[in-house]
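Residue numbers (this note's numbering), protein chains in the order written: chain V, 969 to 1304; chain D, 969 to 1304; chain X, 969 to 1304; chain G, 969 to 1304.
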């Protein structure tokens, strides 16, 4: 095992991309390489104080900028890209969250359309203590202050969609994208089905931490320094994004209504347990019924995202995706 | 602190009830009393082997029998019932699960109505080892066997509904009922708003364990020996079921589509943090966005149920519901 | 053919009922009898001027009072009740509509729960000209006045639910109830499956007219003088409410989300075309795809209601429900 | 008034397009011009007999080919395109419909994902009699034959989406696209908001007729000869597709779940009545509640589409969109 080649990418503002698909690659990389990337926050760094308003400084749809896309040599439709998150570290000592008019789970929206006016627009700056690994919340209407554990993650990671589509980076779907699940943290391998030659991988939307569901629509948004290992699994398909950690296999379904996101994720888990673990569909259906964890990822984006999460110790012995997670995990340990 | 009075109830088959509301109480108890009850499994004990079929031995709607209802003296509309689960122990060394035609998350149903035939009907018997506290799954189409941790819980607990309604015990709603959340385990206090004089508390639907979402619609169903402490909080209202453990406060919303269940639970959590923890609505909205866990409870019942779960250590100091959980927890420790 | 026996019922305020199921019958009638009933408006006549507010004068849940229930002799579970609407005539020269806080399609609600405040509460009095058969709308914020055709209907008609349930009169479901479809007008026969001995028929919620979807949640509510013919079809089951007019057969599905209401109605239509018109399921599926009308009934109630409406001239010759609609239609013509 | 310039376009197979956005224009036209186009059927003419199967001859995603896009000179974001359908005439004496595996309202699908196998695949050929203007259905499992009125329409019409997105022609959304509403017939003007320079108008998916909801997912698909007049309204925005006929104004909302499509359409109608008819939001909300028709357009596509349809005679006098519909209607009459 040798240290992988490393490509370091720090995009300039003009290099950021706002869609999956539809933009030329910023670089070509070979499978097996590592990428050390800087990702801007979801507001492109434009919301920096409690008096900044997303609706004033953000230029919709210029939200959720991505670093990429990267062309992975040899990737072709029907293959699977394995993206192992080696490290995900905030690049600033602050993060930002806010209410955004008509965006979020506890407000009407352009699709759940009502005659009511939007909620007040409010911005919170969270202090990030990278040595203590905490995120400090300061209430605005009382003197409550609390430090929550830092748990950095990427809200958005994906490839170019199928069928010639180009999707806003705000959308999660079968190509990945804006899934906004806290499970997308360092140590995890994300498997994404390849739809176009080169796959065209992008990532962004770093969160210093996020609750499940991303209720108000905005996590603790911050710029990230992230290292990922990128591998290619030729001839293995992946219908919806799948994740593997040291302890769990996970699937991510994105759709509306939320029960359809749940159905996609849990049906894909049944199919994964069939293909790689040898369980029949009905046995897998029974087993996950008693064993799965089903955290909501987001209920604010264009599609909602649900996760199905299964403990590997409760499954038959297997090496899904040719043991790729363990291999990348080992290489990643050396990189850090 | 003295040991509470204890009422032991083991219903005969003819004593089981199948609705919330609409049936006379089996007993009257004073606030502060303990109930030691036996609850039958969701199939009234009629499905006992892999060759038994729910559709043959169960007599719909005679599913999900409840023990109760109990009339709590002094309970009146606008009050809150506190039900502390002291212990929840399987009464058998086996549990049962099954597919049921047109019931479950990964099948069409009478409401998500399609022209497709139902899935095959299949019954699994799980072996419960009460000393090792495991549930053994045996795959039917391969030789895979796995022991999962026992984690006993009640799928159903509730009071008579408001507005003169009577609801099937298969339904979860604002009155509680068939919420099917694994969070309803020993050590937890469940707060239920009282809708009718005496509240009319019932419980049942014991699960030796259950995954989140209860994907196929049927957990590891078993009879239970359960002890609960029942207290009354006069003059405190509770709009939707709330739970408190030693570490978390939780809310349960039940509705369709699933995003509405999520909205109900998370809005009720915002309101609870306002009433009992002094956070403004927008501050609470922001805090839970970054801190809440949002596990799906069930996505198979008449209404789907979603949970919002917040760590108490991350909230301002407070004694919600007059410190009732801590008090009952202490009494419960003595009882066990 | 002889004139049917007629029972005239004008309930006193204390006689009104607010649920389907759970109340004793006000009268017993024999199949074949006619009922001439007075029904109060959805606000029990308490909202009478533009300055009246539903939230002030209405006592929730005392909304949507019903006249009934009527015990139909001989009706047993598995039978079908045929209710032919001979005439539906406003009993007043005014109707009332209003916004109600957190009720309606274009506002958040207790289930589609948001942090936004409710819309302003506003009451409109509509003038009903029973000779010209018009309903006069007067805009409140401009001087626009328009006369719309009167098209009287009942928002609510139903029987006691199955499984021992009692449902608020605000709920539509398989038992009928608050379906709020403009198709429920004079000349139509409504078929309802019987769930309990005597069926326990009630009706109310007269609308001088209503758009499809009942967008704001409140139609032109008025008291009605209504004559119905009630017949019993022994041994014929009806899973969801069905309607027959001189020109169309219709099915009504009630559920959330709205696509499930659509699915229920259209699957039930496929099944009806199979049972009574001899079409295979796939042929019926194909034919309705090209021929059905699918008006939304309501998208404001506890369940949403969708209609599937098929022109009889486009179906094979048949006499569904033993030709009951034609028979009742003929008798009804004599009664008027 | 002079006869408009006419561009005739008959695309060769290689000229068909499968997305909105992402493809260069086939022609540039000036506002005011007429387009006489040939559109292929949704299967690109590849399904021609009852033994043809969509899953065998169609090459997904090469479904629903469009004719276009057309660059309209001067069109810029914020403007509105007015597309008046002068005539829509089947180009063949047959149309085709079919079940497609896991597509349609009464089956599970890739998003409403279940473990059930798909419905059988079946193809129906409908005979179109263009002189009698009928569509003949022949049942396959019985000898029933019926002629339904021909009512030609376009399932798909739209412009390039906003935010740099490219969407499959199977998707309906704010840019129009695959709305599948029978209201899109000759005599109607469709207003579409412009998102990109030149607007990039395409159309296709001709249906000899279609029921509301397009239940099985496939209408009576046929090639069309269609003439449209295209005009540009500078400085007038249109958030969602709007239609105007001689008698009605209509709005089309596309989303999931279906209630959100309904909300979008009815909120947009309220806003349209405000902008062009002078009604306050609450007065408009009240008026449409009593007066609107709400037919479902499709409940099978990636987004579902709902229509809100309001009779112009019931509105204050107004000339929405600068009277464009009447002008185009008059010009169209001369063209036919």
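Backbone N, C-alpha and C define an ideal beta-carbon position, used for all residues, glycine too. All figures in this text were calculated on a predicted structure; none of them were measured in a lab.
Closest in C-alpha terms to residue 1150(V), from the list 1128(V), 1159(V), 1249(V) and 1177(V), comes 1177(V).
Closer than 9 Å at the C-beta level to chain D, one finds these residues of the stretch 1074–1098 of chain G: 1074, 1075, 1076, 1080, 1081, 1082, 1083, 1084, 1085, 1086 and 1087. Residue 1193(X) and residue 1050(X) have their C-alpha atoms spaced approximately 19 Å apart.
Around the beta-carbon of residue 1124(G), 16 or more other beta-carbon atoms lie within 10 Å, marking it buried. Secondary structure note for residue 1199(X): its beta strand (DSSP E) is the uninterrupted segment 1192–1201. In the DSSP assignment, residue 1240(V) falls within the alpha helix (DSSP H) that extends over 1226–1245. According to DSSP, residue 1034(D) shares a beta bridge with 985(D) and 1172(D). Taking CB atoms only, residue 986(G) has a neighbour in chain V less than 8 Å away. Membership of residue 1054(G) in any alpha helix (DSSP H) is not indicated; the residue belongs instead to the beta strand (DSSP E) covering 1048–1058.
Residue 1152(V) sits in coil when the DSSP states are folded into three classes, being neither helix nor strand. Pairwise C-beta distances place the stretch 982–995 of chain G in contact with the stretch 1125–1139 of chain V, as three or more of them are shorter than 8 Å. Per DSSP, the continuous beta strand (DSSP E) segment holding residue 1220(G) begins and ends at 1216–1223. Approximately 15 Å separates the beta-carbon atoms of residue 1262(G) and residue 1252(G); this is outside 8 Å, ruling out the contact. When the Cα atoms are used, residue 1138(G) and residue 977(G) turn out to be separated by approximately 22 Å.
Per the coordinates, the alpha-carbon of residue 1245(X) lies some 21 Å from the alpha-carbon of residue 1180(G). By the C-beta density criterion, residue 1205(V) is exposed, having fewer than 16 other C-beta atoms within 10 angstroms. The residues 1071, 1072, 1073, 1182 and 1185, in chain order, have a CB closer than 7 Å to that of residue 1268(D) in the same chain once the five nearest residues on each side in sequence are set aside. Put simply, the CB of residue 1069(G) is far from chain D, with every gap to its CB atoms at 8 Å or more.
Between the alpha carbons of residue 974(V) and residue 1002(G) lies a distance of about 57 Å.
At a Cβ-Cβ threshold of 8 Å, residue 1201(D) and residue 1097(D) do not count as neighbours. Within chain V, no residue has its beta carbon less than 9 Å from that of residue 1016(D); the closest one is some 17 Å off. Chain G has no Cβ within less than 8 Å of the Cβ of residue 1143(V). Considering only 1118(D), 1019(D), 1223(D) and 1169(D), the residue with the shortest C-alpha distance to residue 995(D) is 1169(D).
For the set 1126(G), 1254(G) and 980(G), the Cα lying nearest the Cα of residue 1113(X) is the one of 1254(G). For residue 1091(X), the closest of 1107(X), 1103(X) and 1100(X) by C-alpha to C-alpha distance is 1107(X). Residues of chain G whose Cβ lies closer than 7 Å to the Cβ of residue 1184(X) are, in chain order, 1253, 1254 and 1257.
Look at residue 1120(V): its C-beta is not under 8 Å from any C-beta on chain D.
DSSP, reduced to helix, strand and coil, places residue 1062(V) within a strand of the structure shown. Residues of the stretch 1224–1247 of chain V that bring their beta carbon within less than 7 Å of a beta carbon in chain X comprise 1225, in sequence order. Cβ atoms of residue 1224(G) and residue 1225(V) come within 8 Å of each other, at about 6 Å. Closest option to residue 1259(G), judged by alpha-carbon separation, among 1276(G), 1082(G) and 1243(G): 1276(G).
In the DSSP annotation of this structure, the continuous segment of the beta strand (DSSP E) that includes residue 1095(G) starts and ends at 1091–1097. Counted as a single uninterrupted DSSP element, the alpha helix (DSSP H) harbouring residue 1296(D) occupies residues 1292–1303. Under the criterion of beta carbons closer than 8 Å, residue 1081(G) and residue 1235(V) qualify as touching, at roughly 4 Å. Cβ neighbours of residue 1144(G) within its own chain (closer than 7 Å, five residues either side excluded): 1125, 1126, 1127, 1160 and 1209.
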